[in-house]
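Those protein sequences? They're chains A, B, C and D, same order as listed.
Sequential numbering from 1 applies to the first sequence in full-length UniProt numbering.
Sequential numbering from 1 applies to the second sequence in full-length UniProt numbering.
Sequential numbering from 1 applies to the third sequence in full-length UniProt numbering.
Sequential numbering from 1 applies to the fourth sequence in full-length UniProt numbering.
Ideal Cβ positions, reconstructed from N, Cα and C, are used throughout, including at glycine.
Read through the structure below, which is laid out as structure tokens, and then see the notes.
Protein chains: 4
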Amino acid sequence: MDTTAPEENYSEKAPPMAPLSSLRELPTTKRGARTRAALVKAARKVFERDGYLDSRLADIAKEAQCAAGSFYTYFAGKEEVLAAVLLEAQEDMMHPGMGRVQGTDDPYAVLEASNRAYLEAYKRNARLMALLEQVAQVEPEFRRFRSRRADAFIHRNARGIADLQARGVADREVDPMMASRALSGMVSVMAYSAFVRGEEQEEGTPVDFEELVSTVTRLWANALRFPGHR
Amino acid sequence: MDTTAPEENYSEKAPPMAPLSSLRELPTTKRGARTRAALVKAARKVFERDGYLDSRLADIAKEAQCAAGSFYTYFAGKEEVLAAVLLEAQEDMMHPGMGRVQGTDDPYAVLEASNRAYLEAYKRNARLMALLEQVAQVEPEFRRFRSRRADAFIHRNARGIADLQARGVADREVDPMMASRALSGMVSVMAYSAFVRGEEQEEGTPVDFEELVSTVTRLWANALRFPGHR
Amino acid sequence: MDTTAPEENYSEKAPPMAPLSSLRELPTTKRGARTRAALVKAARKVFERDGYLDSRLADIAKEAQCAAGSFYTYFAGKEEVLAAVLLEAQEDMMHPGMGRVQGTDDPYAVLEASNRAYLEAYKRNARLMALLEQVAQVEPEFRRFRSRRADAFIHRNARGIADLQARGVADREVDPMMASRALSGMVSVMAYSAFVRGEEQEEGTPVDFEELVSTVTRLWANALRFPGHR
Amino acid sequence: MDTTAPEENYSEKAPPMAPLSSLRELPTTKRGARTRAALVKAARKVFERDGYLDSRLADIAKEAQCAAGSFYTYFAGKEEVLAAVLLEAQEDMMHPGMGRVQGTDDPYAVLEASNRAYLEAYKRNARLMALLEQVAQVEPEFRRFRSRRADAFIHRNARGIADLQARGVADREVDPMMASRALSGMVSVMAYSAFVRGEEQEEGTPVDFEELVSTVTRLWANALRFPGHR
DNA sequence: AATGAATGAGACTTCATTCAT
DNA sequence: GATGAATGAAGTCTCATTCAT
Numbered sequence: 001m002d003t004t005a006p007e008e009n010y011s012e013k014a015p016p017m018a019p020l021s022s023l024r025e026l027p028t029t030k031r032g033a034r035t036r037a038a039l040v041k042a043a044r045k046v047f048e049r050d051g052y053l054d055s056r057l058a059d060i061a062k063e064a065q066c067a068a069g070s071f072y073t074y075f076a077g078k079e080e081v082l083a084a085v086l087l088e089a090q091e092d093m094m095h096p097g098m099g100r101v102q103g104t105d106d107p108y109a110v111l112e113a114s115n116r117a118y119l120e121a122y123k124r125n126a127r128l129m130a131l132l133e134q135v136a137q138v139e140p141e142f143r144r145f146r147s148r149r150a151d152a153f154i155h156r157n158a159r160g161i162a163d164l165q166a167r168g169v170a171d172r173e174v175d176p177m178m179a180s181r182a183l184s185g186m187v188s189v190m191a192y193s194a195f196v197r198g199e200e201q202e203e204g205t206p207v208d209f210e211e212l213v214s215t216v217t218r219l220w221a222n223a224l225r226f227p228g229h230r
Numbered sequence: 001m002d003t004t005a006p007e008e009n010y011s012e013k014a015p016p017m018a019p020l021s022s023l024r025e026l027p028t029t030k031r032g033a034r035t036r037a038a039l040v041k042a043a044r045k046v047f048e049r050d051g052y053l054d055s056r057l058a059d060i061a062k063e064a065q066c067a068a069g070s071f072y073t074y075f076a077g078k079e080e081v082l083a084a085v086l087l088e089a090q091e092d093m094m095h096p097g098m099g100r101v102q103g104t105d106d107p108y109a110v111l112e113a114s115n116r117a118y119l120e121a122y123k124r125n126a127r128l129m130a131l132l133e134q135v136a137q138v139e140p141e142f143r144r145f146r147s148r149r150a151d152a153f154i155h156r157n158a159r160g161i162a163d164l165q166a167r168g169v170a171d172r173e174v175d176p177m178m179a180s181r182a183l184s185g186m187v188s189v190m191a192y193s194a195f196v197r198g199e200e201q202e203e204g205t206p207v208d209f210e211e212l213v214s215t216v217t218r219l220w221a222n223a224l225r226f227p228g229h230r
Numbered sequence: 001m002d003t004t005a006p007e008e009n010y011s012e013k014a015p016p017m018a019p020l021s022s023l024r025e026l027p028t029t030k031r032g033a034r035t036r037a038a039l040v041k042a043a044r045k046v047f048e049r050d051g052y053l054d055s056r057l058a059d060i061a062k063e064a065q066c067a068a069g070s071f072y073t074y075f076a077g078k079e080e081v082l083a084a085v086l087l088e089a090q091e092d093m094m095h096p097g098m099g100r101v102q103g104t105d106d107p108y109a110v111l112e113a114s115n116r117a118y119l120e121a122y123k124r125n126a127r128l129m130a131l132l133e134q135v136a137q138v139e140p141e142f143r144r145f146r147s148r149r150a151d152a153f154i155h156r157n158a159r160g161i162a163d164l165q166a167r168g169v170a171d172r173e174v175d176p177m178m179a180s181r182a183l184s185g186m187v188s189v190m191a192y193s194a195f196v197r198g199e200e201q202e203e204g205t206p207v208d209f210e211e212l213v214s215t216v217t218r219l220w221a222n223a224l225r226f227p228g229h230r
Numbered sequence: 001m002d003t004t005a006p007e008e009n010y011s012e013k014a015p016p017m018a019p020l021s022s023l024r025e026l027p028t029t030k031r032g033a034r035t036r037a038a039l040v041k042a043a044r045k046v047f048e049r050d051g052y053l054d055s056r057l058a059d060i061a062k063e064a065q066c067a068a069g070s071f072y073t074y075f076a077g078k079e080e081v082l083a084a085v086l087l088e089a090q091e092d093m094m095h096p097g098m099g100r101v102q103g104t105d106d107p108y109a110v111l112e113a114s115n116r117a118y119l120e121a122y123k124r125n126a127r128l129m130a131l132l133e134q135v136a137q138v139e140p141e142f143r144r145f146r147s148r149r150a151d152a153f154i155h156r157n158a159r160g161i162a163d164l165q166a167r168g169v170a171d172r173e174v175d176p177m178m179a180s181r182a183l184s185g186m187v188s189v190m191a192y193s194a195f196v197r198g199e200e201q202e203e204g205t206p207v208d209f210e211e212l213v214s215t216v217t218r219l220w221a222n223a224l225r226f227p228g229h230r
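Structure (structure tokens):
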């Protein structure tokens, strides 16, 4: 089963749904490549630090140690750098095949491994996820981007659920798609709450990662009425 | 039991958590009250139409048919009108005691009624909820506002869960708070996805409201291992 | 001799050079008189506190506990209240005939009494003097007002000097007018520096009043080569 | 002796008391330097013409023939350009060592040369001095600037006076500092009155420069009881 | 390619003054 | 007379984007 987790999901390298176009052609010279890379890196730093809205192109250029005008050699504007940033991060934001849990067929173990992988990836890229959430609220283009990612993930989990239903492991009363939507959402909300909001406020008990994994997995398994008594 | 639902929940009229201050004093005269009300109404309309960030004070004033300067008689800026808008809407955004489901003690029925009430309120105020989500990404003050609301709700549901655990109706293995966080989040995510994102895109099957209620309720009940076989 | 001191000088009650017009007619009713008086008083307070430029009519009205609109019943604007404030204060700002130093003819004693009276009056109204200096830099009308006051004083002292020259008590080489300008200016500068600038900065040795009087008097007397060896 | 004259006095190039900071960094390119210089020049012109308070940044930009926004490339606001204007003028506002009156030790001659140098510098920069007086009434930062300048001058003259007292040339009864304050103030008042106020009003006898110098010098010398009978 | 100055549209605020009650 | 809300002109400042070197 592949009951991974919510909202983001691109384990397959495949053309990741051509999310964001690079209008500008890539630089020809070595020097150009270097500058462009510096800009993308700087952009990520500035975005994560100041937020997308409060960041200015001038800051990004300064951070990349190049002139404001140079920015436009590579990008048409803020949106486009952000696209580049996201594109570049996409790889790592995708949990790496959840370690396969080789050699088991136990649905619960698979589910747990899947959730763990998702949450680890989320944690690793928490600031970027926060950024994406913010941007999605503001730029339709990125709202669509986020939706597509979430949908891909949801569909995959829906297939997993349907499969389990077929095998008699999961409750047949629920619609696989709706259930996937709900449970995937549940996990992503928890991730956001733990790693994004958790970071903002200094106070409060930082959630224990293992407890997070096990709670989420247990609820998910129960919700689908996995057999067994855990 | 009071397993209401996610993110927002203020059936008790009690101190509406004095969320957002109205620095400017309220108008003395009838005329003033009328103008202020017109501004709040106009602000809500403009915010919901253009989004918080893309709206200009001038537009709000125009919508309220008053001079730009008049705005400042009542509010110090965008934030403050928004606070007023939210304050005014708070009442209705709170689902009204979920009808009590008088006469039953069936946890499942209570849960379902609670979820239905929550989702109805969410649907009724979908555009405002969308606005709140947007603003929370941008203005710390409103991020806190949203958090406080969610927390209040989560705590209430956590109490409900703990109660059910004590009565032997709910799985004792999960921490009530974490479970509440996860399940409440699940419902609010579904509400957002159905009523906010569902509205944006014309295409797609609009979710059936009843199916939403029953799915969410079933998953919630299962997750906590309510007894019985539904 | 009447070698009083600088910049301000209106001991004679006589129509004090019709300095500032009261366009608005004075109030008829008792209530009106009360309001007007309250406004003038409030204006002085606000002006002295916030400075002329940074004060707003709304503040004055509030301080006078009346509505903003009421202001215009009595004054055409800021300038006019200020005129009223100055008019009202004029009386006390004028040192009271310097006690005449009755019974002496000693020029030095007269001079000293005159300077003392001037400095006392200046000190008493320091904040208002500061205000006047400020306003004179900004409003031509009040620049002229200040000039006329200074001139009146200078002329008077010039007459005093001429008189002493005639009596052989003062150096005949200097032009009475120029000398008066210089010496009167000297005293007013000292007064400003001691009572206005001295107040602004907490630090520093506050000037000893008596030392101020005696220094100024001695220098003045010496400058005109009063006979005798003090 | 170095009984220069009043209020301003910086013949020594020494630390120009780092009066006003240029927060914005200076332009790198030649073009930038040109624009900045044009802005400073324009600012001086506009300030002297309209007064500090009534001048608008837009006017300055227009005068410098550049876009309004360009202003902010070099200055944070009105205050900062003014600082630049003052900084640039500082050099010339400082009378140049008063020609030294080489070869004489006659205190009177030195004093006269000093006063002449001061008054010439004042006259040369009369409009700027007027501006400074105005601004000092309005912006604390510049009030302090003016005070520091005056103080430097006063201290220098005080030293001169003390020196003369030691040499038996000046009256020992007066405190050097107070005397310096008074006499320095006397000269600056005369300068202001002659070159600033004298310009405003078309009418009136424009003061004869030489008479001004000699009167001021004579009174100063007398006040300190220089020996000799002039 | 890189630079960094120049541009200018546009949004925000303030407050003196007017005006309907 | 008094009230206090309404008005709207003016000025400030920000930055994405362009452009001459």
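- On the three-pair Cβ rule with 8 Å, is the stretch 64–74 of chain C touching the stretch 27–41 of chain C? yes
- Within chain D, partners of Thr29(C) - CB distance below 9 Å: Result: empty, since nearest Cβ-Cβ is about 38 Å, beyond 9 Å.
- Query: Would you report the Cα separation of Arg225(A) and Tyr192(A), rounded to the nearest angstrom?
  - Reply: 26 Å
- From what residue to what residue does the alpha helix (DSSP H) around Glu80(B) run? Lys78 to Met93
- With a threshold of 16 other CB atoms inside 10 Å of the CB of Gly228(B), please say whether the residue is buried or exposed. exposed
- Item | Pairwise C-alpha distance: Glu112(B) and Asp92(A) | 40 Å
- Task: Could you spell out the range, first to last residue, of the alpha helix (DSSP H) harbouring Pro206(C)?
- Result: No alpha helix (DSSP H) contains Pro206(C), which DSSP labels as neither H nor E.
- Can you tell which of Thr28(D), Leu26(D), Ala221(D) and Asp208(D) has the C-alpha that lies nearest to the C-alpha of Leu119(D)? Asp208(D)
- Endpoints, the alpha helix (DSSP H) within which Ala32(C) is located: Correcting the residue identity first, residue 32(C) is Gly in this sequence and not Ala. First-last of the alpha helix (DSSP H) with Gly32(C): Lys30 to Asp50.
- Task: Using a Cβ cut-off of 8 Å, pull out every chain C residue sitting near Asn222(D), in sequence order please.
- Result: Asp171, Asn222, Ala223, Leu224 and Arg225
- Task: Using alpha carbons as the reference points, say which of Pro206(B), Gln65(B), Tyr74(B) and Arg49(B) lies closest to Pro27(B).
- Result: Tyr74(B)
- Item | Beta-carbon proximity check, Met190(C) vs Val216(C), cutoff 8 Å | yes
- Task: Tell me, please, whether the stretch 123–133 of chain A touches the stretch 43–53 of chain A by the rule of three or more beta-carbon pairs shorter than 8 Å.
- Result: yes
- Item | Beta-carbon proximity check, Ile154(C) vs Arg181(C), cutoff 8 Å | yes
- Backbone CA spacing between Lys62(B) and Leu57(D) [nearest angstrom]: 29 Å
- Message: Between Met186(B) and chain A, is the shortest Cβ-Cβ distance under 8 Å, so that the two count as touching?
- Response: yes
- Message: Which of the three DSSP states is assigned to Glu198(C) in this structure?
- Response: The sequence as given places Gly at residue 198(C); Glu does not occur at that position. Gly198(C) falls in the helix class under three-state DSSP.
- Message: With a threshold of 8 Å between beta carbons, is Met93(D) in contact with chain C?
- Response: no
- Task: May I ask which residues mark the beginning and end of the alpha helix (DSSP H) holding Phe145(A)?
- Result: Pro140 to Ala166
- Note down, in chain order, every chain A residue with its Cβ under 9 Å from the Cβ of Asp175(B). Glu211 and Thr215
- Identity of the residue in Arg124(D), Arg159(D) and Ile60(D) nearest Ala194(D) by Cα: Arg124(D)
- Query: In terms of residues, what are the limits of the alpha helix (DSSP H) holding Glu63(D)?
  - Reply: Leu57 to Glu63
- Query: Per DSSP, what kind of secondary structure is Arg124(B) in: helix, strand or coil?
  - Reply: helix
- Is DSSP giving Ser11(C) helix, strand or coil here? Unreliable placement is indicated for Ser11(C), whose pLDDT of 36 sits below 50; the coordinate value is still reported in the next sentence. Correct three-state label for Ser11(C): coil.
- Which residue from Asp106(B), Ala83(B) and Trp220(B) puts its Cα closest to that of Arg167(B)? Asp106(B)
- Task: Flag this pair as yes or no: are the beta carbons of Ala64(A) and Ala42(A) separated by less than 8 Å?
- Result: yes
- Counting along the chain, where does the alpha helix (DSSP H) carrying Leu183(C) start and finish? Pro176 to Ala191
- Do the CB positions of Ile161(B) and Ala170(B) come within less than 8 Å of each other? yes
- So what does DSSP say about Val213(A), is it helix, strand or coil? helix
- Query: Counting only beta-carbon atoms, is Val85(A) nearer than 8 Å to chain B?
  - Reply: no
- Going straight from the alpha carbon of Ala121(D) to that of Ser114(D), what length do you get? 11 Å
- Query: If you drop the 5 nearest sequence neighbours on each side, which residues of the same chain put their C-beta closer than 8 Å to that of Met186(C)?
  - Reply: Pro6, Val216, Leu219 and Trp220
- Comparing alpha-carbon positions, which option in Arg172(D), Thr29(D), Leu183(D) and Leu87(D) lies nearest Val40(D)? Leu87(D)
- Item | Pro227(D), DSSP secondary structure in three states | coil
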